[in-house]
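Worksheet: the structure to be examined is printed underneath.
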Amino acid sequence: MPSSIPPLMSSLITVRRAMFLALAAVFLVALPTASSLSAAGGGIEVVATEEEVNFPGNVDLSVTAEGDAEIVEVRIFYRTVGSRVWAYAYPEFVPSNRITASLNLTGEVSSYLPPGAEVEYYYEITDSQGNVLRTEPTVVEYEDTRFDWEEVKIGPLTLLYYDQSASRVRSVVRSLESDLARLQQLLQLDPAGEIKGLIYSRRSHTLDAFPQQSRTTTEQQTFQGFAFPKRGLFLGLGMDRGLIVHESAHLLLDQAMGDSALPTPAWLDEGFASYMDPSVRIFSSGSLDSRANPLRAMNIVTG
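Position 11 of the sequence shown, counted from 1, bears residue number 12 in the working numbering, the numbering being contiguous throughout.
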């Protein structure tokens with residue numbers, strides 16, 4: 002005997018179907034809103050983008066866009082490569098159906114930006130109808146444009162230099178091949194991530210390149226190099242084997258520690274880099290007692 006559905010149950014099923022169809026309709030209506038954030042941008046189109054780097058102090062970016070409606074807002078999102086945090090700024094432009102928005106990115110970066118650093122960025126463009134276009138992320142390098150750089154590859158290291166004799170470069174590179182292989186083996190990096198080093202030829206050339214230090218350390222020429230582990234980059238003065246190994250050790254130690262590790266104490270970081278430096282004399286703990294500060298006073302680099 003065929004079963005029959007009570008009138009009350011039939012009404013409930015009808016109501017549920019109606020609710021389902023209503024929700025489906027809302028979902029379908031919402032889809033075009035989400036797609037307005039895609040490359041189409043609801044009629045917004047990027048006509049051209051430009052990058053111009055002039056060291057020191059200028060990474061000029063511009064975007065030209067047009068749309069069916071008036072473009073009312075442009076934001077540029079940016080972060081240095083190696084950072085997880087995005088910041089944003091508002092390029093200057095006059096609202097219109099076709100605009101060109103421009104910005105000097107180095108004026109927006111709140112901290113020191115070393116030459117050779119790479120900055121990832123993208124634009125978010127909004128029109129008066131609420132349509133939004135997000136461009137694909139791209140990378141610009143803050144190159145020191147004062148010099149004609151040459152480069153050589155040694156293991157994971159890309160070394161950039163200028164005004165160096167070919168014989169000097171060959172000699173240093175031969176030694177660095179075994180030095181960097183030893184570093185990678187000791188730190189169990191197989192393979193190591195890519196790192197980059199910039200070598201300056203004269204102290205005067207580093208004044209606009211190195212981070213600002215105290216007047217005393219600058220006058221006494223305390224620092225020959227600086228490492229930026231999160232950027233996989235170092236700067237150095239002179240085509241010197243010991244310097245290059247020392248700064249590379251900072252970068253590779255950071256790789257070995259990993260992103261989730263606590264900050265490495267400065268005494269350990271500097272001690273390891275000095276230990277790997279083939280030009281440094283190693284002292285015993287007893288002989289250091291009268292020469293060095295206690296470890297508790299060495300949690301940061303002094304100067």
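Virtual Cβ for every residue (Gly too), placed ideally from N, Cα, C.
When the Cα atoms are used, what is the spatial distance from residue i to residue j?
| i | j | result |
| --- | --- | --- |
| P116 | Y143 | 5 Å |
| T34 | G131 | A caution first: T34 carries a pLDDT of 29, below 50, which makes its placement in the model unreliable, though a value can still be read off. Using only the alpha carbons, I get a separation of about 9 Å. |
| I45 | E271 | 52 Å |
| V73 | T107 | 24 Å |
| W150 | R175 | 20 Å |
| Q165 | T81 | 30 Å |
| T50 | V140 | 13 Å |
| N59 | G259 | 32 Å |
| L296 | A267 | Since pLDDT at L296 reaches only 48, below the 50 mark, its modelled position is unreliable, and the value read off the structure follows with that caveat. About 10 Å. |
| H251 | D209 | 23 Å |
| R171 | Y163 | 14 Å |
| T127 | D145 | 34 Å |
| L188 | L62 | 40 Å |
| F78 | S111 | 14 Å |
| S129 | R99 | 13 Å |
| V133 | A70 | 11 Å |
Throw me the rounded Cβ distance for the residue i and residue j pair, which I believe falls under 8 Å.
| i | j | result |
| --- | --- | --- |
| L190 | A257 | 6 Å |
| G194 | G226 | Actually they do not touch by this definition, with Cβ atoms about 20 Å apart. |
Leaving out the 5 sequence neighbours to the left and right, which residues in its chain are closer than 8 Å to residue i when beta-carbon positions are compared?
| i | result |
| --- | --- |
| F192 | The displayed chain sequence assigns Pro, not Phe, to residue 192. Result list for P192: P157, Q185, in chain order. |
| K154 | L160 |
| P138 | E121, Y122, Y123 |
Once the 5 residues before and after residue i are set aside, which same chain residues still bring their CB inside 7 Å of it?
| i | result |
| --- | --- |
| P279 | D180, R242, G243, V246 |
| V48 | T65, A66, E67 |
| F229 | P115, F235 |
Ignore the nearest five residues each way along the sequence and tell me which others in residue i's own chain have a CB closer than 6 Å to its CB.
| i | result |
| --- | --- |
| S36 | Low per-residue confidence applies at S36: pLDDT is 30, beneath 50, and the placement is therefore not dependable enough to give any value. |
| A40 | With a pLDDT of 47 at A40, under the threshold of 50, the modelled position of this residue cannot be trusted; read the value that follows with caution. Once the five neighbours on either side are set aside, A40 has no close Cβ partner at all. |
| Y201 | T207, L238 |
For the alpha helix (DSSP H) containing residue i, name the first residue and the last one.
| i | result |
| --- | --- |
| L177 | 167–188 |
| F235 | No alpha helix (DSSP H) contains F235, which is instead part of the beta strand (DSSP E) from 234–238. |
If you follow the beta strand (DSSP E) that residue i is part of, which residue opens it and which one closes it?
| i | result |
| --- | --- |
| F229 | 226–229 |
| R46 | First, the residue type needs correcting, since residue 46 is Glu and not Arg in the sequence shown. Where E46 is concerned, the enclosing beta strand (DSSP E) stretches over 46–55. |
| E152 | 151–155 |
(request) Would you be able to state if there are at least three C-beta pairs under 8 Å between the stretch 237–244 and the stretch 256–263? (result) no
(message) Pairs of beta-carbons, one from the stretch 85–98 and one from the stretch 48–57, closer than 8 Å: are there three or more?
(response) no
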